[in-house]
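Single-structure report; data block below.
Protein chains: 2
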Amino acid sequence: MTDDTPRQRRGRQLPTVDELRIWREFIETADTLRAELASRLQSETSLSTGDYSVLLALSEAPDQRMRSSELAAGVGWERSRLSHHLARMEKRGLIRREECATDNRGAEVVLAPAGATAFRGATVPHLRAIRELFVDALTPEQLAAAGDLATALRARLAQ
Amino acid sequence: MTDDTPRQRRGRQLPTVDELRIWREFIETADTLRAELASRLQSETSLSTGDYSVLLALSEAPDQRMRSSELAAGVGWERSRLSHHLARMEKRGLIRREECATDNRGAEVVLAPAGATAFRGATVPHLRAIRELFVDALTPEQLAAAGDLATALRARLAQ
DNA sequence: CCCCGGTGATTGACGTGTCAATTATTGGCA
DNA sequence: TGCCAATAATTGACACGTCAATCACCGGGG
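As you go down the protein sequences, you meet chains A and B in turn.
Under the UniProt record's numbering, think of the first position of the first sequence as 1, with each following residue one higher.
Under the UniProt record's numbering, think of the first position of the second sequence as 1, with each following residue one higher.
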């Protein structure tokens, strides 16, 4: 890493050239990685990573069913996004939506048989790809550093 | 980090629970970070990060103009994606498209005055946000580790 | 009891991304 | 010269994401 020039550092308001280079490499790499994972999942199983997240959450839920809001919280999405996604998944027969008995405003999302089957078939290939492209690409120290980075960045984002 | 159980490690085909947790934290954090940066840029300057990338590349090009293919390579996008994006940017008056004199198939993308103005106004807030949410959230060691991670992951992706 | 603010969820509009197909043109080669 | 595979770029269809608006229903204070 080269030294910062006085101009670059003045007031510490803007990143230096080196900092900016690391930022770009970091975010572009993370993006490429996600795109590659998504593309493999899609071509091997006809599921998107969004589908996978939803099916994972439903699979782990008691009775394979969840209130829409819980599901949104579980996968960390806005409700509107989930609603659109569920509409597409329902059209493909992966999930069903039912009225909620205890709250007439609410909806329950139920894992459909086709969804369960698709999820079972997707798990191993997907986890294998994560190992290949992420875990095995890093030394144990780098893997630990990745967790460390995530924690530090998340702390700042949460402020 | 807890020890791996024999089951989790057998054959080293699938990630362990700990590896998977780090993966999720890493990719979700990177995603949240990008979303936050995009959201700030959008609300402060009415530019998307895609707009910003295109305007940055054009600003640095001689005569503020580039062949469509060069531009695609410069920002690392597929040509189709660029084509769609340029159509939207042209509609907003940020860029213009002209025929290429030396190759009738080709198109030249030209930075329009409105695009130059928008880009000038966006640079400082955007770089400030990158410093705040990324650079300043990390120790120097963590920042170096981020660059290191990107290099290792990119090497695997390039295979 | 009724009103009304808050909540669960959906919808519509629009920007963004990918894939496959298409159009127009180029350049090399028989 | 004339053919044709490769190339530049666009297009259409569709999945995905966000924002703001909307609808229906809940529940508590007058």
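Glycine included, C-beta positions come from ideal geometry on N, C-alpha and C.
Rounding to the nearest angstrom, what Cα-Cα distance links K91(B) and L71(B) in this structure? 18 Å
Three-pair Cβ contact test at 8 Å for the region 27–36 of chain A versus the region 26–40 of chain B: yes
Is the beta carbon of A38(A) less than 8 Å from the beta carbon of T45(A)? no
Compare the beta carbon distance of E19(A) and V135(B) with 8 Å and say whether it is the shorter of the two. yes
Straight-line CA distance for R65(B) to R24(A)? 23 Å
Where L157(B) falls: helix, strand or coil (DSSP): helix
Let me see if you follow: with CB-CB separation under 8 Å, is Q142(B) close to chain A or not? yes
At a CB-CB cut-off below 9 Å, which residues of chain A make contact with T32(B)? Going along chain A in sequence order, the residues near T32(B) (Cβ under 9 Å) are G76, L153, R154 and L157.
Excluding sequence positions up to five away, which residues of its chain have a Cβ less than 7 Å from the Cβ of A114(B)? Closer than 7 Å at the Cβ level, and outside the excluded window around A114(B), lie G93 and L94.
DSSP-derived helix/strand/coil call for R67(A): strand
Ignoring anything shorter than 3 residues or poking outside the UniProt domain "HTH marR-type" (19–155) of chain A, list the beta strand (DSSP E) runs there in chain order. Fully enclosed beta strand (DSSP E) runs of 3 or longer: 65–67, 95–99 and 107–111.
Check whether the region 48–63 of chain A and the region 71–85 of chain A touch, using three or more Cβ-Cβ pairs below 8 Å as the test. With a cut-off of 8 Å, the region 71–85 of chain A and the region 48–63 of chain A count as touching, because enough Cβ pairs lie within range.
If you count every other CB in all the chains shown that lies within 10 Å of the CB of R9(A), and 16 or more means buried, which is it? In this prediction, R9(A) has a pLDDT of 49, which is less than 50 and means its spatial position is unreliable; nothing more can be read from the coordinates.
Do three or more CB pairs link the region 98–116 of chain A to the region 133–148 of chain A at distances below 8 Å? no
Reference G106(B), options S69(B), A137(B) and L133(B), closest by Cα: S69(B)
Less than 8 Å between the beta carbons of L138(A) and A158(B), yes or no? Result no, Cβ atoms of L138(A) and A158(B) do not sit closer than 8 Å.
Taking the C-alpha atoms as reference points, what is the distance between L86(B) and I22(B)? 37 Å
For P15(B) and chain A, any beta-carbon pair shorter than 8 Å? yes
Near L41(B), which residues of its chain fall below 8 Å by C-beta distance, leaving aside the five closest residues on each side in sequence? L47, S48, T49, Y52, A122, P125, H126 and A129
Is the beta carbon of R67(B) sitting closer than 8 Å to the one on E108(B)? yes
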